[in-house]
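Undergrad: Dropping the structure in here first, questions after.
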Amino acid sequence: MDLFLDRLKDEERVTFALRGLYEQHGYKKVRVHKFEEYSLYIDNKNFLKTENIITFMDLDGKLLALRPDVTLSIVKNLDAHKNGSFEKLYYMEKVYRLSRQTHSYKEISQIGLECIGDLDACAAIEVIRLAAESLSAVDDRYLLDLSHMGFLAGLLEPLEIDQELKQEIARCIRQKDRFELGLLLRRAGLPADCCERLMQIPLLYGSFAKVLPAARALAVTDGMNAALDELETLYSAFAGTPLAKRLNIDFSVVNDLDYYNGLIFQGYVEGIPRAVLTGGRYDNLLHKFGKEKGAMGFAIYLDELEHFYQREAEDDADLLILYDQIDDYAAFTALVEEKISAGMRVRLERTAPPGFRCKQILHYQNGALIGEVPTC
Amino acid sequence: MLNIALPKGRLGDKVYEMFSQIGYDCRAIYEDNRKLVFENAENGVRYLLVKPSDVAIYVEHGAADIGVVGKDILLESSPDVYELLNLGIGKCRVAVAAKNGYVEQPDRVLRVATKYMNIAKNYYAGINREIEIIKLNGSIELAPILGLSDVIVDIVETGSTLKENDLKVITDIVPISARFIANKSSFKFKNDRIEEMLQKLNALLQQREEAKKV
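Protein sequence lines correspond, in order, to chains H and V. The numbering of the first sequence is UniProt numbering, which starts it at 1 and goes up by one. The numbering of the second sequence is UniProt numbering, which starts it at 1 and goes up by one.
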């Protein structure tokens, strides 16, 4: 059976490539049920960053939801009592979320990968490598921005400030909004040296060589230094490889402090206005489910690719065969199959469909294909 | 090429003046015609003139790499962009205003006319006041005069429009000024150019600040 791989659209080719990539690294595909109990999402709404979820009543009156996320389902169903080995999984699923652009629900194709267990540097490096390789499958003009939750957390920890202020600080940093951050810090009356440091965080963007020394200068707690050590170890694994040029540090990448704890990252492709890949280490989510393991993963939003790949509107088929009367069906089928195996896309019709575009039209008459009329 | 979205109107003119001062001029913009896109291939900039409330949309979707927009619009639509710099121009505030002599009645639902639905909602939620929002798109000052609403939430610059309509500011909600924003992806792939522009803008702002002191 011929696979006609060159008929694949670019998005489909990416899906194919990613599947191969993850399988080659020993990750196993999982299927996740489309419906989950609504309470799962409501209990973890900060992880999802949304409360807009499609819900419906099950036959027994239980409130169910059309899943807005796959990671939560995977974590919930995880068997935490395995030995020291890892769970290495990937998924290709649809999720249902509110589209900020259109203010309506949208079905989004998501491909994701999770590595769960007692994570070490080796596992983290593998996940980062797979994230970078995944981006390069989309396009070779990509960047992977890395950050570490421990850096900001280490700075905020000794301050003993309330949750709300922490969230506000994180929001300003995420938007690189130093003006609002300054106002906020002045209003909160935090110590001056600490404000000074926080104000520098949105500026920490660029190559590892540029940002690491600047970040070191800001590190005052063990937590901050440990975060930088981890980034340094990670980067050393890629030193000298072509991947190294694609890795940047961006400390304005900050996820929810309740769920994420270690490395976090976002992937961008030139020409796509939003991040196509997001991921990070989320041990805290597992702890919430009473599972004492580490976890790291990422997801790729395939819907962002839809408009990225430009393609010409192509013909509906290569060859249109118009038939009137067929006496010998076997002979007719043989003629058609011959064209198909020559690589043509063949459509059979009695009359040409209106507006049909094809390279060639043939008429089947008296047991032969005749009348090569090129279409205009 | 750096695509820059500017708000049509007075603010846009001021911003263009700043940008041209630091080397991002584009003379075509002065030509009196109906074009909406102006390009200067020499210094690699392309200006898009759009409705002020659309600037953030162009930038968020990457149709423009950077843009300048009032903080009121950012607060209202909270787009996913970087807010890199406060340009300190187009200064005004969002405020609550009512007819002269208006006395608030805390036992009644407050009727608020505004085009800033989210700012109004957030402000009143913050002070625990139940409100009914009437969304208007312009001439907001009319609403309390005609009894359509008790108060309005709107932009106040000098307060003269309010005065002329027999209204006065009751409370200021938030100060507003123009912000320099960037698309998150463009910021990464055109980082050198955007950083360079930021530096020049910062220098210009400092210059202006010092000139004021003298």
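Glycine residues also receive a C-beta, built at the ideal position from the N, C-alpha and C atoms.
What residues of chain H sit near V:S53, judged by a beta carbon separation below 9 Å?
TA: Within 9 Å Cβ-Cβ: nothing; V:S53 doesn't reach chain H, min ~16 Å.
Undergrad: Quick one: grab the DSSP three-state call for H:T375.
TA: No answer about H:T375 holds up, because its pLDDT of 49 lies below 50 and its placement is not dependable.
Undergrad: With 16 as the cutoff for other CB atoms within 10 Å, does V:K188 come out buried or exposed?
TA: By the neighbour-count rule (16 or more Cβ atoms within 10 Å), V:K188 is buried.
Undergrad: Give, in chain order, every unbroken run of the beta strand (DSSP E) that is at least 3 residues long and sits entirely within the UniProt domain "ATP phosphoribosyltransferase catalytic" (51-202) of chain V.
TA: Listed in chain order, they are 66-70, 82-86, 92-99, 110-114, 131-135, 151-156, 167-176, 178-182.
Undergrad: Can you tell me whether H:A126 is buried or exposed? The criterion is at least 16 other CB atoms within 10 Å of its CB, across all chains shown.
TA: Before going on, a small fix: residue 126 of chain H reads as Glu here, not Ala. Buried, since its Cβ has 16 or more Cβ neighbours within 10 Å.
Undergrad: I'd like the ranges of any beta strand (DSSP E) spanning at least 3 consecutive residues and lying wholly in the stretch 4-88 of chain H.
TA: Those beta strand (DSSP E) runs which fall completely within the stretch 4-88 of chain H and span 3+ residues are 35-37, 55-57, 63-66.
Undergrad: Between the Cα of V:P107 and the Cα atoms of V:M117, V:G90, V:E130, V:A120, which residue gives the shortest distance?
TA: Checking the displayed sequence, the identity of residue 107 of chain V turns out to be Asp instead of Pro. Ranking V:M117, V:G90, V:E130, V:A120 by Cα distance to V:D107 puts V:E130 first.
Undergrad: How far does the beta strand (DSSP E) with H:Y268 in it reach, from first residue to last?
TA: Unbroken beta strand (DSSP E) run through H:Y268: 263-269.
Undergrad: Give me the chain V residues within the contact set of residue 382 of chain H, using Cβ-Cβ distance strictly less than 7 Å, ordered along the chain.
TA: With chain H covering only 1 through 376, there is no way to say anything about residue 382 of chain H.
Undergrad: Output, in chain order, the set of chain V residues within a Cβ distance shorter than 7 Å of H:I272.
TA: Ordered by position in chain V, the residues that pass the 7 Å Cβ test against H:I272 are S185.
Undergrad: To the nearest angstrom, how far is the alpha carbon of H:E11 from that of H:Y301?
TA: Using only the alpha carbons, I get a separation of about 11 Å.
Undergrad: Quick check on H:K359: does DSSP put it in helix, strand or coil?
TA: Note: H:K359 maps to strand in three-state DSSP.
Undergrad: H:Q365 bridges to which residues according to DSSP?
TA: Answer is H:A368, bridged to H:Q365.
Undergrad: At the level of alpha carbons, what is the spacing between H:G150 and V:K163?
TA: Using only the alpha carbons, I get a separation of about 53 Å.
Undergrad: Leaving out five residues before and five after V:A5 in sequence, what residues of the same chain have Cβ atoms less than 7 Å from its Cβ?
TA: Closer than 7 Å at the Cβ level, and outside the excluded window around V:A5, lie L48, V50, V55, Y58, V59, A64, G67.
Undergrad: Would you mind giving the Cβ-Cβ distance between H:L243 and H:I201, rounded to the nearest angstrom? I have them listed as a contact below 8 Å.
TA: Not really, about 25 Å apart at Cβ, beyond 8 Å.
Undergrad: Could you confirm whether any beta carbon from chain H is found closer than 9 Å to the beta carbon of V:R179?
TA: By this cut-off, V:R179 is an interface position.
Undergrad: List the residues of chain V that H:A275 touches, going by C-beta distances under 8 Å, in chain order.
TA: Under the 8 Å cutoff, chain V gives K184, S185.
Undergrad: Using C-beta distances below 8 Å, list every residue in its chain close to H:A188, excluding the 5 sequence neighbours before and after it, in chain order.
TA: Taken in chain order, the residues that qualify are I161, L165.
Undergrad: Rounded to whole angstroms, what is the Cα-Cα separation between V:R111 and V:S149?
TA: Cα to Cα, V:R111 sits roughly 5 Å from V:S149.
Undergrad: List the residues of chain V whose Cβ lies closer than 8 Å to the Cβ of H:Y268, in chain order.
TA: Those are K184, S185, K188, F189, listed as they occur along chain V.
Undergrad: Determine, using beta-carbon pairs with one atom in the stretch 63-71 of chain H and one in the stretch 24-36 of chain H, whether at least three such pairs fall under 8 Å.
TA: A contact exists between the stretch 63-71 of chain H and the stretch 24-36 of chain H.
Undergrad: Leaving aside the five residues before and after V:R46 along the sequence, list all residues of the same chain whose C-beta is less than 6 Å from its C-beta, in chain order.
TA: These residues qualify, in order along the chain: M1, N3, E39.
Undergrad: Give me the Cα-Cα distance between H:Y205 and H:I116, rounded to the nearest whole angstrom.
TA: H:Y205 and H:I116: Cα-Cα distance of roughly 29 Å.
Undergrad: Relative to the C-alpha of V:S78, which residue among V:N202, V:I181, V:E196, V:K190 is closest?
TA: Nearest option by C-alpha distance: V:I181.
Undergrad: Do you know how far the Cα of V:L74 is from the Cα of V:A203?
TA: Distance between the alpha carbons of V:A203 and V:L74: 24 Å.
Undergrad: Going by the beta-carbon positions, is the gap between H:K49 and H:D303 smaller than 9 Å?
TA: Contact: no.
Undergrad: Taking only beta-carbon atoms, is H:T375 less than 9 Å away from chain V?
TA: Residue confidence is low: H:T375 scores 49 on pLDDT, short of 50, so the model does not pin down where it sits. Its coordinate-derived value is still stated next. So, not an interface residue.
Undergrad: Can you tell me which residues form a DSSP beta bridge with H:K94?
TA: Per DSSP, H:S109.
Undergrad: Return the residues of the stretch 2-17 of chain V that lie within a Cβ-Cβ distance of less than 7 Å from chain H, sorted by chain order.
TA: Per Cβ criterion, the list is empty.
Undergrad: Taking all protein chains shown into account, decide if V:P144 is buried (16 or more other Cβ within 10 angstroms of its Cβ) or exposed.
TA: So V:P144 counts as buried.
Undergrad: By how many angstroms is the C-alpha of H:T102 removed from the C-alpha of H:T375?
TA: Residue placement at H:T375 is flagged as unreliable, the pLDDT there being 49, under the threshold of 50; the coordinate-derived value follows with that caveat. Approximately 40 Å, taken between the alpha carbons.
Undergrad: Going straight from the alpha carbon of H:R13 to that of V:S53, what length do you get?
TA: The straight-line gap from Cα to Cα measures roughly 39 Å.
Undergrad: Does any residue of chain H have a CB that is nearer than 9 Å to the CB of V:D172?
TA: Judged by the 9 Å Cβ criterion, V:D172 is not in contact with chain H.
Undergrad: State the DSSP-derived secondary structure class of H:M224, mapped to helix, strand or coil.
TA: The answer is helix: DSSP assigns H:M224 an H, G or I state.
Undergrad: Using 9 Å as the threshold, is the C-beta distance between H:Y90 and H:K29 below it?
TA: Yes.
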